[in-house]
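Residue numbers (our numbering): 572 to 834.
Beta carbons: idealized from backbone N, C-alpha and C, even for Gly.
Here's the structure we're looking at; comments come further down.
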C-alpha cells in the first residue's frame with residue numbers, strides 16, 4: 572500500500588469512526604488543533620449524508636421533526652453504511668430499518684419512508700414514451716386475450732396508511748394541522764406522468780389486476796381473475812376501465828400479444 576493509499580484509508584476510517592490513526596499525519600495551526608480540524612471534516616461528512624436523506628425523505632423528516640430525523644439517520648447509517656458511489660441509493664433500506672426499529676411515537680414512519688422512496692424513484696426514473704389508447708385500439712380484436720402490458724420504470728406500489736398521501740401533502744405544504752392516521756392499510760400506486768410525480772390509492776380489484784399484469788399475466792387472465800376471485804359482475808367492463816385509466820395516466824410503456832397481424 573502506498574503512502575497515499577494509507578492516508579486515504581486512515582482518513583476514511585476516521586470519518587467512519589473506525590480509527591484515529593490519521594491524527595498522527597495531520598498538523599494543526601495556531602487557530603485549531605489536529606483533532607478539532609479532523610472533526611470538522613467528520614461533522615461535514617455525516618451532516619452531508621443526513622442532508623441527502625432529508626432531501627429524499629421530506630415526508631418522513633417532516634413527520635418526525637428535524638432532531639428525531641437526524642437521530643434516525645445516524646442510527647440507520649451506522650447500521651447501513653453507504654456502499655454505493657451515488658448518494659441516490661443511500662436511503663433504500665431506511666423503511667426496512669424502521670420496520671426493525673420502529674419509532675414508537677410515530678407508527679406511520681415506515682409507511683411514510685416507503686412513500687417518500689417511491690416518489691423519489693419515480694422522479695429519477697428514465698423517460699419512456701407511454702402507450703396510448705390509440706395504440707391499443709389499433710390492435711386486432713384477436714390480440715386482446717393475449718395482450719400483455721409492461722409498466723414504465725417510474726411505476727411502483729406500496730401498502731401504507733390510507734391517510735398517508737393526505738398527510739404527506741400537508742407536511743410538504745406546511746398546512747399546520749395534520750390529518751389523523753386512520754390505521755387502515757391501503758394499497759397505493761406511484762408514477763410519473765411527464766414531469767409530475769403522482770400517486771393515488773387503488774381499490775382491491777385494481778390492486779389484484781396490477782399484480783397480475785406486473786407479473787406477466789395477460790389481459791384475458793386479468794379479466795378472468797376479476798370475474799372468478801373478485802366476484803365482479805361485469806369483469807370485462809371493469810377490466811377495460813382499469814386499463815383505460817392506466818393508459819390515460821401514462822403508466823404503460825410497452826404492449827405485446829400473440830395474435831397474428833395481417834400485413
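Practice problem: Within its chain, find whatever has a CB closer than 6 angstroms to the CB of residue 821; leave out the 5 residues flanking it on each side and keep chain order. | Solution: 701 and 764
Self-check item: Continuous alpha helix (DSSP H) stretch holding residue 775: start and end
Solution: 775 to 785
Self-check item: residue 653, DSSP secondary structure in three states
Solution: coil
Quiz prompt | Cβ neighbours of residue 651 in the same chain (closer than 6 angstroms, five flanking residues each side left out) | solution = 664
Quiz item: Can you name the residues that DSSP bridges to residue 812?
Solution: Residue 812 pairs with nothing; no bridge assigned.
Self-check item: Top-ranked residue by Cα proximity to residue 623, from 639, 647, 790 and 659
Solution: 659
Quiz item: Using DSSP with H/G/I as helix, E/B as strand and the rest coil, what is residue 756?
Solution: strand
Quiz item: To which residues of the same chain is residue 736 closer than 8 angstroms at the C-beta, ignoring the five residues directly before and after it?
Solution: 686, 759, 770, 771 and 772
Quiz item: So residue 780 packs on residue 797, CB below 8 angstroms; how close in whole Å?
Solution: 7 angstroms
Practice problem: May I ask whether a heavy atom of the ligand FMN can be found less than 7 angstroms away from the beta carbon of residue 816? | Solution: Within the structure as shown, the ligand FMN is missing, as the structure has no ligands at all.
Quiz item: In whole angstroms, what is the alpha-carbon distance linking residue 802 and residue 776?
Solution: 9 angstroms
Quiz item: Exposed or buried, what is residue 692 when buried is set at 16 or more other beta-carbons lying within 10 Å of its beta-carbon?
Solution: buried
Quiz item: Of the residues 690, 745, 748 and 710, which one's Cα is nearest the Cα of residue 728?
Solution: 690
Quiz item: Would you say residue 750 faces chain B, with C-beta separation under 8 angstroms as the test?
Solution: Looking at the structure shown, chain B is missing, and only one protein chain is on hand.
Practice problem: Go to residue 792, then tell me how far its alpha helix (DSSP H) extends in each direction, as first and last residue. | Solution: 790 to 799
Quiz item: Taking three-plus beta-carbon pairs below 8 angstroms as touching, is the segment 715 to 729 in contact with the segment 813 to 832?
Solution: yes
Quiz item: Cβ atoms of residue 620 and residue 569: under 8 angstroms apart, would you say?
Solution: Residue 569 lies beyond the residue range present for the chain, which begins at 572 and ends at 834; the question has no answer from this structure.
Quiz item: Are there 16 or more other CB atoms within 10 angstroms of the CB of residue 740, so buried, or fewer, so exposed?
Solution: exposed
Quiz item: Which residues bound the beta strand (DSSP E) around residue 721?
Solution: 719 to 722
Quiz item: Between residue 755 and residue 634, what straight-line distance do the alpha-carbon atoms span, to the nearest angstrom?
Solution: 18 angstroms
Quiz item: The alpha helix (DSSP H) with residue 692 in it runs from where to where?
Solution: 680 to 695
Self-check item: Pick from 677, 683 and 574 that is closest to residue 662, judged by C-alpha positions
Solution: 683
Practice problem: Pull up the CB-CB distance for residue 707 and residue 631, whole angstroms please, since I reckon it's below 8 angstroms. | Solution: In fact, because the Cβ distance is near 38 angstroms, the residues do not count as touching under 8 angstroms.
Exercise. For the beta strand (DSSP E) holding residue 699, just list the boundary residues, first then last.
Key: Premise fails: residue 699 is in no beta strand (DSSP E) and is neither H nor E.
Quiz prompt | Residue nearest to residue 640 in terms of C-alpha spacing, selected from 625, 649 and 648 | solution = 625
Self-check item: Neighbourhood of residue 794 by C-beta distance below 7 angstroms, restricted to the same chain and skipping five residues each side
Solution: 806, 807 and 810
Quiz item: In its own chain, which residues sit with a C-beta less than 6 angstroms from the C-beta of residue 697, not counting the 5 before and 5 after it?
Solution: 724
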